[in-house]
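Everything in the sequence shown is counted per our numbering, starting at 59 for the first residue and increasing by one. Glycine included, each C-beta is placed from N, C-alpha and C at the ideal position. Have a look at the structure below before the remarks.
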Amino acid sequence: MVQRVTYRRRLSYNTKSNKTRVIKTPGGKLALLHINKKASAPKCGDCGNVLSGVPALRPTEYARLSTRQKSVTRPYGGSRCGTCVRSRIVRAFLIEEQKIVKRVLKAQSADAKKTGKK
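Right under this line is the structure:
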């Protein structure tokens, strides 16, 4: 006959936080081993891809890590992926270039009006 095993904690329901595994102790008895939840990897806020360089841990384990291990050394590191950061920088640069072009065209049209009046 199979040896019976019981939960080792007070929670007596088969919930997500109470998952167990049957193990054999060195004494030959069967016991339940409580399994920790698997962590989901941090994802980019823009595209939703998994961030490389940042470990997938449970929230309490992040508290034990140093800041260096929780992010990547670049702007938006640990929050946005490198591809999205690059596209943001390029977009900002192009918008600034567009503003400069508008300003130059406006100045040229103003000069043309002045020379046309004289």
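Between residue i and residue j, what straight-line distance do the alpha-carbon atoms span, to the nearest angstrom?
i	j	result
Q166	V130	45 angstroms
C142	A114	20 angstroms
K160	V148	18 angstroms
A99	G140	16 angstroms
V60	C105	51 angstroms
A168	K157	17 angstroms
R126	E119	14 angstroms
G86	A97	32 angstroms
N72	N107	32 angstroms
L69	A121	26 angstroms
A171	R146	Before going further, note that residue 171 is Lys rather than Ala in the sequence given. Using only the alpha carbons, I get a separation of about 38 angstroms.
P84	R62	17 angstroms
Return the first residue and the last residue of the beta strand (DSSP E) that residue i is part of.
i	result
K82	78-82
A97	First-last for A97: undefined, no H or E at that position.
Short check: CB of residue i to CB of residue j, under 8 angstroms?
i	j	result
K95	K82	no
L221	Y65	The structure shown has nothing for residue 221, since the chain only spans 59 to 176.
G136	L109	yes
Short of 8 angstroms in beta carbon distance, which residues of its chain neighbour residue i, apart from the five on each side in sequence? Order them along the chain.
i	result
R67	N76, H92
Grab me the residues of residue i's own chain with a C-beta within less than 7 angstroms of its C-beta, minus the 5 sequence neighbours each way, in chain order.
i	result
P133	V143
R138	C102, G103, D104
V80	V63, L88, L90
Just to confirm my understanding: we take residue i, look at its own chain, exclude 5 residues before and 5 after, and list those with CB closer than 6 angstroms. What are they?
i	result
T78	L90, H92
message: Going residue by residue through the segment 100-154, where are the continuous alpha helix (DSSP H) segments of at least 4 residues, counting only ones entirely within it?
response: For the segment 100-154, whole alpha helix (DSSP H) runs of length 4 or above, ordered along the chain, are 117-122, 125-128.
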